[in-house]
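In the numbering used here, the protein residues as written are 686 to 1105.
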């Protein structure tokens, strides 16, 4: 029954690696609430519920914006009650959200479903999984994140195709209900038999259970941990927040609208699906590299490279009509995403410590989820005003380019936090 205790007591194997697998699976289980998962149902939503593009994207935007608000509270619950109890409650609500989506009858009910799907899937489950990794790893957090993200990137490439196949076999309503059931079964097993909040609960330390662990590298000491108020007074937090908001807004906007972008350029829906596959494949190939670099190179430099990749991808996608160039942009998105997601999973634990990590990450997650809500709607609105998607893509590239040199300012806080 207590598998984690039995395995943790065997000093030859660090149980944190099992936790890493568990949080990786948790990330995959968020798919029904992620943009790449929901987008597979977009045409079904439009046709079955008789929605216009404005109604669909508007409901998605408003639902995602409101979904961002509870993230700071979710982070506080993580700090107070631990990841296991908090994740259990979130998973239960997420499964209900999937079942509710299968019963949606119009734009109002679909908005409510988007709110819960985005709050639990894109927001809370990802936040808890990410923070749990930081509880178990510090010096090797970048490498662990890179290894996990390889598999997660594969999910981005496979889930949309698998979801489309499932919809074709059983219909979109049963498909969403089935996805909710899968999440409950898989996550229920992990929470019951595998999940442990932090290594101290089973007599271990971050990165390993040896007594020779380098104490200088342990950031869980309360004296070296920042409170949320202290973190918000540092330059690195706001540089990371600005870069992350641009990534969330622009990345989500492009992914949500990739089909009409391709159709406008004379390409096909199948080409758009392949774009996701190229993006996922590039991310999978580079996540491990990004993780290793994050353990050996300054994170602000990697953040600069990540933002520069986003700029190049937007500009090329808005300036070219060839299929090969479009696929190049998928590779650039994949490269930038691999670097950014790795930085997001490592920077805050290393800069601010573990004691208040949930609440600090929750504040940032609120900003990122909110920014992701604006992207699809802003791109659609600008497209209507300009007559094509090229103009908003180029505008996004120009705005994001300002962030490239600013990203270098995301350096570690120069001193210990002041009291309060």
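A virtual CB, placed ideally from N, CA and C, is assigned to each residue, including glycine.
For clarity, every value in this text was computed on a predicted model and none was experimentally measured.
query                                                                                                                        : result
Three-state secondary structure (DSSP) of residue 890                                                                        : strand
Burial state of residue 920, where buried means 16 or more other Cβ atoms lie within 10 Å                                    : exposed
Exposed unless 16 or more other CB atoms sit within 10 angstroms - verdict on residue 1083                                   : exposed
Alpha helix (DSSP H) segment containing residue 1060, residue limits                                                         : 1042-1071
As assigned by DSSP and simplified to three states, the class of residue 882                                                 : coil
Backbone CA spacing between residue 821 and residue 945 [nearest angstrom]                                                   : 42 Å
Neighbourhood of residue 902 by C-beta distance below 8 Å, restricted to the same chain and skipping five residues each side : Here the model assigns residue 902 a pLDDT of 43, short of 50, so the residue's position is not dependable, and the following value carries that caveat. For residue 902, where only same-chain residues beyond five positions count, the Cβ hits under 8 Å are 823, 824 and 892.
Proximity below 8 Å, CB of residue 779 to CB of residue 748                                                                  : no
Proximal residues to residue 789 (C-beta, below 6 Å), its chain only, five neighbours per side dropped                       : 795 and 798
Own chain residues within Cβ distance below 8 Å of residue 976, not counting five before or after                            : 827, 828, 829, 830, 831, 832, 834 and 1027
Residue environment, residue 866, which counts as buried when at least 16 other CB atoms sit within 10 Å                     : exposed
Same chain only: Cβ atoms within 6 Å of residue 905, ignoring 5 sequence neighbours per side                                 : Note that residue 905 scores 45 on pLDDT, short of 50, meaning its location in the model is unreliable; the coordinates nonetheless yield the value given after this. Result list for residue 905: 1039, in chain order.
Distance, residue 981 Cα to residue 898 Cα                                                                                   : Residue placement at residue 898 is flagged as unreliable, the pLDDT there being 44, under the threshold of 50; a coordinate-derived value is accordingly withheld.
Environment of residue 1030 [buried if 16+ CB atoms lie within 10 Å]                                                         : buried
C-alpha gap between residue 1056 and residue 880, whole angstroms                                                            : 31 Å
From 926, 1000 and 939, residue whose alpha carbon lies closest to that of residue 1025                                      : 926
Among 914, 732, 857 and 918, nearest to residue 1099 - alpha-carbon criterion                                                : 918
Length of the line joining the Cα atoms of residue 1087 and residue 928                                                      : 10 Å
Residue 665, DSSP secondary structure in three states                                                                        : There is simply no residue 665 to check, as the chain begins at 686 and stops at 1105 in what is shown.
Three CB pairs or more closer than 8 Å across the region 846-853 and the region 714-728                                      : yes
Expected contact under 8 Å - CB spacing of residue 769 and residue 876 to nearest Å                                          : 6 Å
Residue 983 - DSSP class collapsed to helix/strand/coil                                                                      : coil
Residue 731 versus residue 942: straight-line alpha-carbon distance, rounded                                                 : 14 Å
Sequence-distant residues of the same chain with beta carbon closer than 6 Å to residue 999, five excluded per side          : 1078, 1081 and 1082
Cβ-based neighbour list, residue 1053, same chain, cut-off 6 Å, excluding 5 preceding and 5 following                        : 929 and 933
CB of residue 814 within 8 Å of CB of residue 775, strictly                                                                  : no
Neighbour-count burial assignment, residue 1093, 16 or more Cβ in a 10 Å radius                                              : exposed
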